Amino acid sequence: MIIKLVITFFKWLSVLFLIGLISAAIYGYLLLERLSEELPDVNQLKDVHYQTPLQIYSKDNLLIAEFGEKKRSPITIDQAPKELIHAFLAAEDKHFYEHQGVDFVGLLRAALKLATTGKKEQGGSTITMQVTRNFLLSREKTYTRKLKEILLSLKIEETFSKDTILELYLNKIYLGQRSYGVAAAAQTYYGKSLNELTLAESAMIAGLPKAPSAYNPIVNPARAMERRDYVLYRMQQIGYIDQQTYQAALVEANTARVIHRGIELSAPFIAEMARQKILELYGPQAYGSGMKVYTTITRPLQNAATRALRNALHSYDERHGYRFKLPNAPDQKTDINKLPIIGDSYPALIKRIDNDKATVQLRGGKTVEVPWNNMKWARKFISRNARGAAPQSILDLFKTGDAIFVRQLNDKTWALAQIPEAEGAFVAIDTIDGAILALAGGYDFNHNKFNRVTQSNRQPGSGFKPIIYTTALENGYTTASLINDAPIVLEGSRPGHEWRPENYNRRFSGPTSLRVALRKSKNLISVRLLLNLGIKPVVKTAMRFGFQKDQLPNSYTLALGSGQATPLQMARAYAVFANGGFLIEPYLIDRIESGDGKLLYQANPQVACLDCTSESPAFINQAPRIITPQISFLMNSLLRDVVQRGTAVKAKRLGRADLAGKTGTTNDHRDAWFNGYSATVSATAWVGFDNFNSLGYKETGGAAALPMWMEFMQTALRDKPEIPLTPPEGIVKMYVDTESGMMMSAEIPGGIWEFFDTTQQAHMHTNFEFTDPGEAHFSERHPIETLF
């Protein structure tokens with residue numbers, strides 16, 4: 000009876016087991032079916048887009064900046080060295096080329112470990128499964144996701160070759176320090192390409208996927224070395240390397256260090272402008288797009304612009320005295336390694352003082368000498384208009400152990416420096432198509448990111464006067480027209496608030512020709528011109544030159560440049576005179592390429608084309624002409640005179656006759672400008688305080704800004720031939736009495752040859768007619784025009 004019961008029990012147990020087995024099989028089948036329906040399509044791996052940094056380059060192919068959190072440089076499988084591949088296989092999946100995507104033995108071992116100890120063990124994931132995790136699944140850790148991972152791995156193995164799977168893995172795997180993929184890791188840790196890695200370095204990188212933080216050779220060098228040595232051991236055990244090679248690699252030291260890919264050209268203001276434009280065009284996804292953005296700048300001109308701006312600001316500082324205070328330092332006994340390098344100024348510690356020099360130690364340990372001649376400028380700063388007595392020796396200034404800033408001059412000697420409080424801006428553009436050739440928005444981008452070239456609206460001062468003179472020439476005045484340089488009083492909006500404009504030197508010259516007035520920057524003549532022309536016509540002219548109406552005040556102070564303009568707008572306006580009368584549009588981005596080298600964008604700017612006809616290729620893309628060739632020629636003649644004999648006469652040191660421009664100084668010396676050009680380069684330099692404080696007495700455009708412009712142009716025009724100013728059709732030359740403003744015979748001494756525009760003859764204030772297309776000859780005097 001008992002035997003019968005036992006048999007019956009086992010029969011029912013067998014039935015229940017069978018039912019359970021069938022139920023489990025059905026459930027498993029249904030679960031797999033449901034999971035299969037939820038699986039992503041593995042074919043999307045055929046078109047993988049790796050997140051790689053947005054890169055900004057110069058026109059001459061130098062890296063300026065990278066934007067994006069993930070550092071990655073995708074490779075093809077044939078670019079990966081065999082040693083590196085073997086290291087990864089030894090560390091992660093030695094049976095990779097044998098299994099079908101899943102290592103079931105490894106999975107079972109991991110499952111048993113979990114069941115017996117309650118701890119999860121790595122080792123069950125193949126390289127294919129890691130590819131599945133990285134490309135196709137979320138990072139959640141559930142049993143359902145693990146099943147999906149297994150199913151997808153099997154599908155991937157059916158769809159792709161082993162080499163393709165391994166290539167995906169080597170490009171995607173995270174290896175610490177924001178590096179994704181083996182090529183990025185090689186650069187980050189060793190500053191090498193893959194084929195330059197040693198066996199030990201390859202093993203170090205191959206050891207990272209298991210725990211990028213724990214085995215980071217920089218953060219945890221001891222654990223990283225243990226992991227590296229384990230990978231080498233595995234390589235030797237599998238047979239990838241022999242015993243001798245293994246032993247040689249074991250003794251290799253850990254040489255890993257964080258290596259940022261060298262920025263090949265420092266142009267942070269340019270980089271930020273390009274970044275903002277790309278963000279505007281493509282959105283935040285651009286940061287991981289791998290796009291390469293090529294700008295219009297080049298290293299020689301960009302470096303020249305940066306250097307010129309910094310030298311100009313240091314020169315300004317040296318004219319106003321030494322402040323004897325280091326930033327962020329409670330006293331002169333400062334640890335220089337805690338002070339930043341700002342601009343071209345390096346923290347330094349005085350180690351020794353001799354009669355003719357000081358020996359200083361730079362941050363980082365390098366020792367240099369600073370000669371007394373490069374320190375004796377340091378009279379004590381009292382105010383913008385006052386300094387203390389001149390020091391007689393270095394000991395009047397410092398003692399051993401003091402912390403200072405120093406900078407290296409153009410002649411490679413070192414000089415005492417301080418971080419300038421004044422700021423500056425410089426921009427140069429191509430006069431033909433508007434390409435930005437160089438741009439410096441301030442002393443140091445990292446110290447202050449405000450870009451004064453594009454963001455700072457300042458009063459242009461006398462730099463606006465050429466707009467008024469252009470309007471005058473278009474309305475019947477000539478370069479020889481006489482205007483009375485005499486006091487003038489204009490009523491204000493309320494009684495007792497009269498405006499009494501003055502010349503800079505507070506002197507008056509009486510009747511003065513437009514040529515001399517612009518050359519000497521006569522304020523009163525600009526005011527009288529504006530009074531006679533009217534504000535509205537001048538505003539219309541300014542808007543033709545690219546200024547906005549809200550930048551132009553509806554008052555007679557406009558004559559003295561009381562409006563607002565950015566340095567970039569000023570450079571654009573002066574380019575009109577340089578290129579013969581065309582308004583070009585400044586641009587920074589030359590072209591954009593995708594990560595795989597496809598052209599996404601190519602600039603096609605409108606160009607100034609003097610000789611274009613309807614059959615010329617450039618005709619259909621010609622920039623709008625805003626002044627006639629004749630007016631352009633006359634304004635060029637006037638603005639060249641400013642350099643040859645006027646407020647910018649210092650520029651004659653460049654030894655060229657084809658330079659032109661205009662200085663600008665605003666009320667209380669708050670802004671110092673020089674806007675100038677050659678036939679091919681229009682450039683603007685500005686110096687001032689961001690808080691609109693005064694620069695100090697005598698800090699004019701010619702003193703503070705012109706040297707910056709000159710230093711840059713010396714580089715920009717090196718080996719460039721001079722381009723003569725050729726009169727266009729309609730321009731005639733006449734002999735004029737400089738004192739009376741009358742035309743006279745060329746045989747009479749005391750006159751000058753002056754140019755006139757015959758196309759404006761019907762509108763000119765003259766009582767004569769032009770008889771010769773080249774020169775006019777007279778036997779008696781004729782008044783041209785006098786305005787009192």
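Read left to right, the sequence shown gives residues 0 to 787 (numbering that gives the first Met the number 0).
Just so you know, even glycine gets a beta-carbon here, dropped at the ideal spot from N, CA and C.
In this text, all values refer to a predicted model and were calculated from it rather than measured experimentally.
Beta-bridge pairing by DSSP links residue 376 to no other residue. Contact between the segment 420 to 439 and the segment 495 to 504 is not established, with fewer than three Cβ pairs separated by less than 8 Å. Inter-residue distance for residue 334 and residue 400 is about 10 Å (C-alpha atoms, whole angstroms). Annotation for residue 56: the continuous beta strand (DSSP E) segment containing it runs 53 to 56. Judged by DSSP in its simplified three-state form, residue 290 adopts coil rather than helix or strand.
Per DSSP, the continuous alpha helix (DSSP H) segment holding residue 641 begins and ends at 628 to 644. Just so you know, the alpha carbons of residue 93 and residue 303 end up roughly 56 Å apart. The DSSP-derived three-state label of residue 305 is helix.
Between residue 451 and residue 440, the C-beta gap is smaller than 9 Å, which places the two residues in contact. Annotation for residue 200: 189 place their beta carbon closer than 6 Å to its own, counting only its chain and skipping 5 residues before and after. In the pairwise beta carbon analysis, the segment 231 to 243 is classified as not touching the segment 252 to 270: fewer than three pairs are separated by under 8 Å.
Scanning 511, 56 and 66 for the CA closest to the CA of residue 282 turns up 66.
Going by DSSP, residue 246 is part of the alpha helix (DSSP H) stretching over 242 to 249. Of the candidates 287, 291 and 257, 291 places its Cα closest to the Cα of residue 273.
Checking the DSSP bridge columns, you'll see residue 676 partnered with 659 and 681. Listed as beta-bridge partners of residue 284 by DSSP are no residues whatsoever. Counted as a single uninterrupted DSSP element, the stretch harbouring residue 133 is not any beta strand (DSSP E) but the alpha helix (DSSP H) occupying residues 126 to 134. Put simply, the segment 720 to 728 does not touch the segment 294 to 308. Fewer than three CB pairs are less than 8 Å apart.
Within the DSSP secondary-structure output, residue 211 pairs in no beta bridge. According to the DSSP secondary-structure assignment, residue 411 is paired through a beta bridge with no residue. Here residue 268 has 438, 439, 440, 441, 444, 450 and 452 as same chain residues with Cβ atoms under 8 Å from its own Cβ, once five neighbours each way along the sequence are excluded. Between residue 510 and residue 472 the beta-carbon gap is near 18 Å, outside 8 Å, which marks them as no contact.
For a cut-off of 8 Å, the C-beta gap from residue 465 to residue 638 is around 7 Å, short enough to register as a contact.
Where residue 195 is concerned, there is no enclosing beta strand (DSSP E), because DSSP gives it neither an H nor an E.
Under the 10 Å beta carbon count, residue 586 is surrounded by 16 or more other beta carbons and is classified as buried. Collapsing the DSSP output to three states places residue 177 in coil.
Judged by DSSP in its simplified three-state form, residue 692 adopts coil rather than helix or strand. When DSSP states are grouped into helix, strand and coil, residue 664 belongs to the strand group. Taking the Cβ atoms as the reference, residue 650 lies roughly 6 Å from residue 658, within the contact range of under 8 Å. CA-CA distance, residue 550 to residue 706, rounds to 28 Å. Residue environment: residue 254 is assigned as exposed (fewer than 16 neighbouring CB atoms within 10 Å of its CB, all protein chains considered). The segment 691 to 733 contains, as complete alpha helix (DSSP H) runs of 4+ residues, the segments 705 to 715 (chain order).
When the alpha-carbon of residue 168 is set against those of 467, 711, 205 and 186, the nearest one is in 205.
Approximately 28 Å separates the beta-carbon atoms of residue 458 and residue 301; this is outside 8 Å, ruling out the contact. Counting along the chain, residue 483 sits inside the beta strand (DSSP E) bounded by residues 481 to 484.
Taking a cut-off of 8 Å on C-beta distances, the segment 724 to 733 does not touch the segment 691 to 710, as fewer than three cross pairs fall below it.
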